[in-house]
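FYI, the numbering for the sequence shown is 796 to 1191, going by our numbering. The beta-carbon is built from N, C-alpha and C at its ideal position, and this holds for glycine as well. Scroll down for the structure; my scribbles are underneath it.
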Amino acid sequence: MLEVAQIFKRHFNSPPVHVVRAPGRLELLGNHTDYNDGLVMALAVDKYIEMAATPRNDGKIELVSSSFSGKEIFSANDFKKNPAAPWADYVKGVLAQLHQRGVHFNGFSAAVHGTIPMGAGMSSSAALEVATALLVRKLHPYALTEIGLAPAPQPNAKGAVPSPTHAEKLNLAKLCRAAEHEFVGVKVGLLDQISSLFGKASHVMDIDFRALTVELSPMPGEAIIVCNSGVKHSLVEDGYNELRENCEGAAKKLGATSLRSVDLKTLTASKSKLTDREYQCAYHVVSEIQRVVFAERALREDDHQQFGQYMFQSHESSRDFLKNSVPELDLLVELARKHPACLGARLTGGGFGGATINLVRHHQAPDFMAHMAREYEKSSGHKTQPILCQIVDGAA
Ligand code: GLA
């Protein structure tokens, strides 16, 4: 039994009827390229948001979480923020979007349990959004289209609702993004939601955000290790929207739909049209997209060493041009670089704190993890507990 089912039983005195789980994601390469119609290599990893639920007939939704005390109760057609329970905003935001699109649902009791470290840039919030959307789909089957709803999928003889199709998953990802834009107020791209929904065990997702395609390539057997800086990462407070505005402002001044259609030569020749910040952000994005193209090739050719170099270059570009790194992340990357088994290291996700992702020779992973824990504490006074991640299937 998943832990969340036990938590549910403890709170609501009976086993749940439905259980879902959505994995967190790691951005392997492609920092802040998603909302610029760019390219990202991403992994779904074995840290999850799990939700367990049972329908109820008093029109109320009651949520409990293993990470926060108290319970959050609200009516199934009235979704207001409660400043005392901001974690529930991600659930309410998705419910509000479903409601707006005409998805009909009644009350339910639900427990939430997470193993994704919060604030580490591994997208616990997107996983909670995706888990909510899938949970409601189990409680009250629905199928989203681009513009509305298709006939609901029919449960099979055992009562199981078929998994969402590829197109439905894309629409679910967009709905979850809309929840984040409109309810939470951060203008994120689609990376986190797509990664949580489309992940495949032992594979890297090559995501093209202009074509909205996800290709899967086998991920080499090197170790993926996350080192959390311990610096709280908060997209709302720390200027994510400002980066996006600069990127979009640059594209507009260059007469492009997005930075995806700008090349480095054009960008450098047009420097005088842009503010310094616009230029720096655009420089990062345009070169990062190119790096993803080269890195995908390096991985296909099994050149892990070269792939790792692109990771280091990506970090430097985020640090120097996008300026979304912090000294603790830079330190983690430098400490990683000193270990002989480290192929590449970079900040992952939104930045402004959070974690680094490290590609490490598999047989030396334990030694690398001990090195990072020891050296980071020695140099910064902060503790880090490196996490070895397995690449897993997407949400279900
Ligand atoms: C956050 C956002 C994503 C993406 C990354 C940076 O995780 O939610 O959409 O922009 O930052 O690549």
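Item	Value
Roughly how many angstroms separate the alpha carbons of R805 and L1138, rounded to a whole number?	45 Å
Within the present structure, is the beta-carbon of V983 separated from the nearest heavy atom of ligand 1 by less than 7 Å?	yes
Just how far apart, CA to CA, sit P1181 and E1010?	29 Å
Rounded to the nearest angstrom, how far is the Cβ of P936 from that of P950, given a contact under 8 Å?	7 Å
Where do the ends of the beta strand (DSSP E) carrying M846 lie?	834 to 850
Would V983 and L838 qualify as a contact pair, given that the criterion is a beta-carbon distance under 8 Å?	no
Helix, strand or coil for H998 per DSSP?	strand
At what residue ranges does the region 1116 to 1155 contain a whole run of the beta strand (DSSP E), taking only runs of 3 or more?	1137 to 1143, 1150 to 1155
Where does N1036 fall in DSSP's three states?	helix
For T1008, write down the residues that DSSP places opposite it in a beta bridge.	D1003
Spatial neighbours of G825 within its chain, please: C-beta separation below 7 Å, excluding the five flanking residues on both sides.	G833, L834, V835, M836, E1083, V1087
Whole angstroms is fine: what's the gap from V1155's alpha carbon to A1051's?	38 Å
Which residues does DSSP pair with G909 in a beta bridge?	I844
Nearest CA to the CA of L890: which residue from A973, E1073, H1110?	A973
Do G902 and K855 have their C-beta atoms closer together than 8 Å?	yes
Identify every residue that forms a DSSP beta bridge with L824.	M836
With DSSP as the reference, label G1103 as helix, strand or coil.	helix
Who are R1072's beta bridge partners in DSSP?	R1072 pairs with nothing; no bridge assigned.
Closest to C1042 by C-alpha separation, out of G1016, H976, P1013, Q1075, would be which residue?	Q1075
Within 10 angstroms of the Cβ of P810, are there 16 or more other Cβ atoms? Answer buried if so, exposed if not.	exposed
With 16 as the cutoff for other CB atoms within 10 Å, does E975 come out buried or exposed?	buried
Distance check for K995 and H1134, CA to CA, integer angstroms please.	29 Å
Would you say the beta carbon of Y830 is closer than 7 Å to some non-hydrogen atom of ligand 1?	yes
Select from G914, D1097, D829, F978 the residue whose C-alpha is nearest the C-alpha of F874.	F978
Is the closest heavy atom of ligand 1 to the C-beta of S918 under 7 Å?	yes
Taking the CB atoms as reference points, tell me whether S1012 and L1094 lie closer together than 8 Å.	yes
Quick check on the burial criterion: 16 or more other C-beta atoms within 10 angstroms. Buried or exposed for N1119?	buried
Could you give the uninterrupted runs of the alpha helix (DSSP H) lying entirely in the region 950 to 989, keeping only those of 4 residues or more?	961 to 974
Is the CB-CB distance between V1021 and I911 below 8 Å?	no
Could you tell me whether the Cβ atoms of A827 and V1121 are closer together than 8 Å?	The question names Ala, but residue 827 is His in the sequence shown. It is not a contact, given that the beta carbons lie outside the stated cut-off.
Under the assumption that A1190 contacts A871 (Cβ atoms under 8 Å), give the Cβ distance between them as a whole number of angstroms.	A1190 to A871, Cβ: 22 Å. No contact.
Can you give the Cα-Cα distance for F1116 and Q892, rounded to whole angstroms?	35 Å
Within 10 angstroms of the Cβ of H813, are there 16 or more other Cβ atoms? Answer buried if so, exposed if not.	buried
At which residue ranges does the region 882 to 945 contain complete beta strand (DSSP E) runs of 3 or more residues, listed in the order of the chain?	903 to 909
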